[in-house]
Structures are given as structure tokens and as C-alpha cells.
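Report on the following structure.
Residue numbers (our numbering): 92 to 526.
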């Protein structure tokens, strides 16, 4: 939807929509105006028909109508009735007047000369009055007692209605003159509708102008609304872009902080189990692992050995070359020992220059042989510091839970420490098994 609002075609769609709506309304109102005029025209014709119907009923009620014979009302030679002419006692002559003649005199009395009433027939009393042309076709094909006919020709409205015969008609007409549907012919009402048509034209012009104004007004309002919506959409999109940038920036900062927290937490977790200098396990981890191995030994009789290692003459190295050199020596020693360990072994810094190894699944004799190899391996290591070559050596005390009467981490460490002290007494650079 937003894509359509922003598209240039939205303007075309909006203008086209209002053009269709106003055009439809315009033509609908044009039809209503024309229908209103047509109803007015037909109402005038229907009024004439009702007037003639009243005249015919009045004539029927009086049977025969007589008027004084004069130049205006001469004797009708085509009227074949028994009492066509009458003479009053004073000698004044009267003649019977037909309905057709009455309608002629009514036409002469109308103020509107364009309005006329007449009777048409295929078989009139006066042969000269026989209907011809298109009126004859209407009378024969399109007119019936239930169906009137209406037609406009050259701004003249023609209203045709069937003239149904009654008993009084046969005083003048013969039954042989009857048309189908028992009609004698038709009543024709004709009048000029130019004035009504002229009155209709301003309404059509007014309708056109109103709809042009409506089209321009609604199109303008809609286009202004569309532009306002477009500005609002652009503003919202701009704000969304800025908001997204802020969110991305905040998200990046948050991710960075989370990563930093993870790194700090990971470092803290590592420092809780590792020695920060040598990056091997620390005393805390060693003691915890020792407890777990003792539990395994008590439950499953799973052998393991503990090696307590002391870096010989480390304090002298610190005193002679400094703490920086001491740290380098500790790191080099730790790296050297790790080369000889298995993945299952635990290597930890126990205290200062003392280290410990938990050799899993290893009996005391095997652990002692491993310790002796480790002593020889370290003897081959040399640390160079500021041009000085520093040779390393270690002393190791080896013990196992099978040597203890009372199983505990403290007893195991004490046993290993005793063996380590024995190695130091014997001159260092060796591995001694606990008793």
C-alpha cells in the first residue's frame, strides 16, 4: 500500500478515479433531468387525454349534441343519422355536431396554438380525413387499448391513445368501421415542446458546471491529501532509518559489551581454575580434582598417582636474575612438562615453585618411572635470559592412595611432600617414592 502511495502512478489513479466518479454522477443527473422533462411532457399529453375522456363521457351521457347551423357550424354531409338536423318552434335550425368537430372547436379555444387534439382513423366518415404516413403505421401496428404511443418529431410531441367505441358511437359509425380490439381509431394530442427543451438546457449546463467544480475540488483535495500522506510517509521512513541506525548502533554496543562480559566471565572462570602466569591448572583445581579421584578410587579402585614437583634452586634464580627471569623460568618449565603429559593427566601449580601432577590410571611404580623420565627431560632444558643460560632441574615426590592407611587429600599431599623432602635431602634432581 505504501509503495502505491509513493509511486507516481498514484496521482494518475486518483485523478482517473474522480474522473470516473464525477462522470458517472454527471451522466446519471443528465438522465434524471431528461427523464423529468419527459415526464412533464407526457403529463401534459396525459392531461389532454383526460380532458378528451371527460368530453366523450359527457357526449355519451347526452346521446346527441346539436348546435345552431351557422357558417362556423355548417351541416356535416358525412354524418348519417336519422335526426341529423332539427328545427325549433321559432324556426331556428340546429345540426348534430360530431366529436371530431368538437375537438376542432376546442383547438380553436386553446391559448397555446401549438396544442391540438384530433381523432384519426383508417376508415373515417370523411374520406379526406383518412390517416396516412407514419401515423397510419402507428395506428395499425403499435396502438392498442392497453398500449399508448409517444413520439417526438422536430420538437413536436405526439401522444397517441386508442379510441374505443361504445354504443353511442354506432349512431354515426357502422360496426364495419371498427378496427381490431373494438377501436374506431386513435386520439392524437400534439404540442410543441421547444420551450420545455430550452428550459432543460440550462439545467444540463448547470449540471455540467457543478460536476466540473466537484471534479476539480475533489481532485485538488485528494492530491493535497496524497502529498500530505507522501510527506508523512517520507518522514516516517526517515525516522525509521534513523531509528534503525540507532538500534544498530545500540545493538553493536550491546553486543560488544556482551562479548566483553563473556570474555571477562571466561577469564574469571579460567582464573578460578588456572594459574595466570603459567596458564596451567591452579591449586584450587588441583585440590578439587584430587577429591574426585579419591572418590573414584574408593568406589571403583581406579589407581592414580600424585607427583609433587619442586623447581630446584628457584629462589636463587629469582635473587640473582630478578622476578622477571623467575617468571620466564616458570613458564618455560610448565611448557616443557606439558610435552610429556597425557590428556587425562592433571598438571597444576601447587605453590610458588611447587607443581603437582595427578597421573590417572597409573600405579605407583609406573608413576615413579614417569617421574624419573621427567627429571631427565627437564635436565635438558636451558632458559636464556639477557645472555645468561640457566639450566633447570627438579625434585619429585611420588605417592599413591594405595600407600595410605587413611584416605584424604591432605594425607596424600603430605605423603607426596614427605617424599619430595627426601629427594631434596638426597641432593635434589631426582624422584623419590613415598613409603
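Where a beta carbon is used, it is the ideal one built from N, C-alpha and C, also for glycine.
DSSP three-state assignment for residue i, whether helix, strand or coil
{"i": "residue 276", "result": "strand"}
{"i": "residue 522", "result": "strand"}
{"i": "residue 498", "result": "coil"}
{"i": "residue 433", "result": "coil"}
{"i": "residue 391", "result": "helix"}
{"i": "residue 482", "result": "strand"}
{"i": "residue 170", "result": "coil"}
{"i": "residue 190", "result": "helix"}
{"i": "residue 474", "result": "strand"}
{"i": "residue 294", "result": "helix"}
{"i": "residue 216", "result": "coil"}
{"i": "residue 426", "result": "helix"}
{"i": "residue 195", "result": "helix"}
{"i": "residue 517", "result": "coil"}
{"i": "residue 221", "result": "coil"}
{"i": "residue 102", "result": "helix"}
{"i": "residue 110", "result": "helix"}
{"i": "residue 271", "result": "Model confidence at residue 271 stands at a pLDDT of 49, short of 50, so the residue's coordinates are unreliable; what they give is reported in the following sentence. Looking at residue 271 - three-state DSSP - the assignment turns out to be helix."}
{"i": "residue 266", "result": "At residue 266, the pLDDT of 48 sits below 50, so the modelled position is not reliable; the number obtained from the coordinates is stated separately. Three-state result, residue 266: helix."}
{"i": "residue 511", "result": "helix"}
Those residues which DSSP pairs with residue i across a bridge
{"i": "residue 178", "result": "184"}
{"i": "residue 365", "result": "372"}
{"i": "residue 397", "result": "449, 490"}
{"i": "residue 439", "result": "372, 447"}
{"i": "residue 310", "result": "Per DSSP, none; premise fails for residue 310."}
{"i": "residue 165", "result": "Answer by DSSP bridge pairing: none, since residue 165 is not bridged."}
{"i": "residue 249", "result": "242, 281"}
{"i": "residue 159", "result": "185"}
{"i": "residue 205", "result": "Note: residue 205 sits in no beta bridge, so no partner."}
{"i": "residue 211", "result": "277"}
{"i": "residue 402", "result": "485"}
Span of the alpha helix (DSSP H), counted from its first residue to its last, around residue i
{"i": "residue 469", "result": "455–470"}
{"i": "residue 410", "result": "405–412"}
{"i": "residue 228", "result": "224–228"}
The beta strand (DSSP E) enclosing residue i, as first and last residue numbers
{"i": "residue 241", "result": "240–244"}
| Should the segment 476–483 be regarded as contacting the segment 494–501, the criterion being three or more beta carbon pairs within less than 8 Å? | In this structure the segment 476–483 does not lie against the segment 494–501, because fewer than three pairs of beta carbons, one per stretch, are closer than 8 Å.
| query | Quick check: the segment 342–358 against the segment 404–421, are there 3 or more CB pairs under 8 Å? | reply | Below 8 Å, too few C-beta pairs join the segment 342–358 and the segment 404–421 to call them touching: fewer than three.
| query | Does the segment 122–136 touch the segment 280–289, meaning 3 or more C-beta pairs lie closer than 8 Å? | reply | Contact between the segment 280–289 and the segment 122–136 is established, with three or more Cβ pairs separated by less than 8 Å.
| query | Can at least three beta-carbon pairs, one atom from the segment 116–129 and one from the segment 317–334, be found at a separation below 8 Å? | reply | Cβ pair count under 8 Å is below three, so no.
| Are the segment 224–231 and the segment 102–121 touching, with three or more C-beta to C-beta distances below 8 Å? | The segment 224–231 and the segment 102–121 do not touch, with fewer than 3 CB-CB distances between them shorter than 8 Å.
| task | Take every Cβ of the segment 309–322, pair it with every Cβ of the segment 236–254, and state whether three or more of those distances are shorter than 8 Å. | result | Fewer than three beta-carbon pairs drawn from the segment 309–322 and the segment 236–254 are found closer than 8 Å, and the two stretches are therefore not classed as touching.
| query | How do the segment 439–446 and the segment 359–378 stand: do at least 3 beta-carbon pairs fall below 8 Å, yes or no? | reply | Yes: at least three Cβ pairs fall under 8 Å.
| contact_flag[the segment 452–470, the segment 376–392] where n(CB pairs < 8 Å) is 3 or more | Segments in contact, no.
| query | Quick one: any contact between the segment 277–284 and the segment 155–173, if contact means 3 or more CB pairs under 8 Å? | reply | Look at the beta carbons and you see the segment 277–284 not touching the segment 155–173: under three pairs across the two are nearer than 8 Å.
| message | Taking 8 Å as the cut-off, does the segment 155–164 touch the segment 178–191 (at least 3 CB pairs, one atom from each stretch)? | response | With a cut-off of 8 Å, the segment 155–164 and the segment 178–191 count as touching, because enough Cβ pairs lie within range.
| message | Assess contact between the segment 460–479 and the segment 417–433, defined as three or more Cβ pairs (one per stretch) separated by less than 8 Å. Is contact present? | response | With the cut-off at 8 Å, the segment 460–479 and the segment 417–433 touch.
| field | 3-residue-minimum beta strand (DSSP E) runs that sit fully inside the segment 317–342, ordered along the chain | value | Listed in chain order, there is nothing to give.
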